[in-house]
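To start, the structure itself, in structure tokens.
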Amino acid sequence: MTDALPPHDGEDRPLAGEYVLGVLDAHERAEAQARIAAEPAFARAVEWWEGRLAHLAERIPPIEPPAAVWPRIANLIGAATQKPSTWNNVRLWQGASAGALALAAASIVALVVTPRPAPPPAVAPAKPPPAVAEVALITDPATKQPALVATLDHAAGKLILTPVSMKMPAGREAELWIIPEGQKAISLGIVPSDAPKAIALPAGLTGAGTYTALLAITDEPPGGAPTGVATGQVRAAGKFVAQTE
């Protein structure tokens, strides 16, 4: 761990800290998750805050909550697999108290050098803007570990694919498929295993199809399935999940 400032300057630095603390609303958190997948500098800032704040919780003696608390939290956040980190540790959250959150929040204020500017006064009520991006985990069906993060950017009309851990057999490549509900699989091309890739938003991931189409990865020969039909084993699959307030 280092005491140096996080590697992302300006207004985004405290935003990364607020994301780690979990104080953003659903819309802001979705935007932050999309940026983590698409912007390496912002992702590094989030990792810095995780490392900087994790030791604060270790100083708090564990407190045993009522037995019904954790099942209720698990039902609220769902069972989506996330990248392992200190902030996903069940024992840490079970042992954290209101004092731990206050201590972490105070450290944000003390560590951020550049204060966030005050928001301009509202001149008229307006509807909140729609979410411009959504994130889905494409996971290994056997281990449930994430292989790929798919970020749906409606504003840009792009599907951003960020590999997490995709291991293909020797001589095989990862090919991404979209399977609209009730239709045959359509290839979206080869997915690199070491760098993000952005493609045009597939027609099957618009409107209601956003939450009904399946994304899947198979291992294929170099260059992809020769006949346009998957020939290899399904290595990962998943869907976008509608967010509820």
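In the numbering used here, the protein residues as written are 7 to 251.
Where is the CB? At the ideal position from N, CA and C, for every residue including glycine.
Quick one, which of the options has its alpha-carbon nearest residue i's?
i, options, result
"Trp54", "Gly234, Trp183, Pro20", "Pro20"
"Ile166", "Ala201, Ile185, Lys150, Gln151", "Ala201"
"Pro198", "Glu45, Gln151, Leu182", "Leu182"
"Ala248", "Glu179, Gly57, Gly213", "Gly213"
"Ala44", "Arg58, Thr218, Val170, Ala32", "Val170"
"Trp240", "Pro228, Met174, Thr218", "Checking the sequence shown, residue 240 turns out to be Val, not Trp. It is Met174."
"Ser193", "Ala176, Thr168, Ala236", "Ala236"
Considering only their Cβ atoms, is the gap separating residue j from residue i smaller than 9 Å?
i, j, result
"Leu220", "Lys164", "no"
"Glu226", "Gly238", "yes"
"Asp146", "Pro152", "yes"
"Glu140", "Ala204", "no"
"Ile144", "Ala161", "no"
"Ala32", "Ala22", "no"
What's the gap between the Cα of residue i and the Cα of residue j?
i, j, result
"Ile196", "Gly230", "6 Å"
"Tyr25", "Ala49", "11 Å"
"Ala243", "Ile185", "10 Å"
"Thr216", "Gly188", "14 Å"
"Thr233", "Ile223", "16 Å"
"Lys150", "Glu179", "20 Å"
"Leu30", "Lys190", "39 Å"
"Ala47", "Arg41", "9 Å"
Go ahead and pull the three-state DSSP assignment for residue i.
i, result
"Glu56", "helix"
"Val115", "In this prediction, Val115 has a pLDDT of 46, which is less than 50 and means its spatial position is unreliable; what the coordinates show is noted afterwards. Helix at Val115."
"Ala49", "helix"
"Arg178", "coil"
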